[in-house]
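Trainee:
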Amino acid sequence: MASAEQHTHAVDASCIFCKIVAGAIPSHKIYETEHSFAFLDINPLSTGHALVIPKHHAEFMHQVPDADLADLLPVAKKVALALAPGAYNVLQNNGKLAHQEVPHVHFHVIPKTSGADGLGVGWPSRPTDHAAFAALAAELRTRIGA
-13 MASAEQHTHA
-3 VDASCIFCKI
7 VAGAIPSHKI
17 YETEHSFAFL
27 DINPLSTGHA
37 LVIPKHHAEF
47 MHQVPDADLA
57 DLLPVAKKVA
67 LALAPGAYNV
77 LQNNGKLAHQ
87 EVPHVHFHVI
97 PKTSGADGLG
107 VGWPSRPTDH
117 AAFAALAAEL
127 RTRIGA
């Protein structure tokens, strides 16, 4: 595994996750690659609740370089397999309004071994409006350039 000193990543000196990657704040590290760092969450929702973060500092997922993003989900998969739960959630929030507590991209891997532990999710769905969906899908395809 490569050390952080061999690679240049954007860092925010005031960011708690950047400090964890640098070793300035201790963590219970699970796994590390050139681009990613995985460690146990200190406020777990269940036993084994882990965080997978890019070493590159960014608050929003769309700000993370593609090479770092390409590494994150395979690392999250390794963590999920190591936890070996029957079920688990992978959660990633972007911005305070979306419940992001630490302004550094991170994926939660949260084992769900019973209805009482792990992540509880409410899903207030809205009615389907197929005409509005078609218009929105067309607009998004144009924005993406597809």
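Counting from -13, one number per residue, gives the positions in the sequence shown under our numbering. Glycine included, each C-beta is placed from N, C-alpha and C at the ideal position. Small disclaimer: the values here were computed from a predicted structure and weren't measured.
Taking C-beta to C-beta, are residue 67 and residue 38 nearer than 8 Å?
Mentor: No. Outside cutoff.
Trainee: I'd like the list of long-range same chain contacts for residue 64, defined as Cβ closer than 7 Å, with 5 residues on each side in sequence excluded.
Mentor: So the qualifying residues of the chain are 17.
Trainee: Report the rounded CA-to-CA distance for residue 139 versus residue 28, giving the unit in angstroms.
Mentor: In the structure displayed, the chain extends from -13 to 132; residue 139 sits before or after that span and is not available.
Trainee: Is residue 105 helix, strand or coil when you go by DSSP?
Mentor: Correct three-state label for residue 105: coil.
Trainee: Determine which residues share a DSSP beta bridge with residue 36 and list them.
Mentor: In the DSSP output, where bridge partners are listed per residue, residue 36 has 26, 95.
Trainee: If you drop the 5 nearest sequence neighbours on each side, which residues of the same chain put their C-beta closer than 6 Å to that of residue 89?
Mentor: The residues are 45.
Trainee: Using DSSP bridges, identify the partner residues of residue 18.
Mentor: 23, per the DSSP bridge assignment.
Trainee: Helix, strand or coil: how does DSSP classify residue 83 here?
Mentor: Here residue 83 sits in helix by DSSP.
Trainee: Nearest by alpha-carbon distance to residue 62: which of 84, -2, 36 is it?
Mentor: Ranking the options by Cα distance to residue 62, first place goes to 36.
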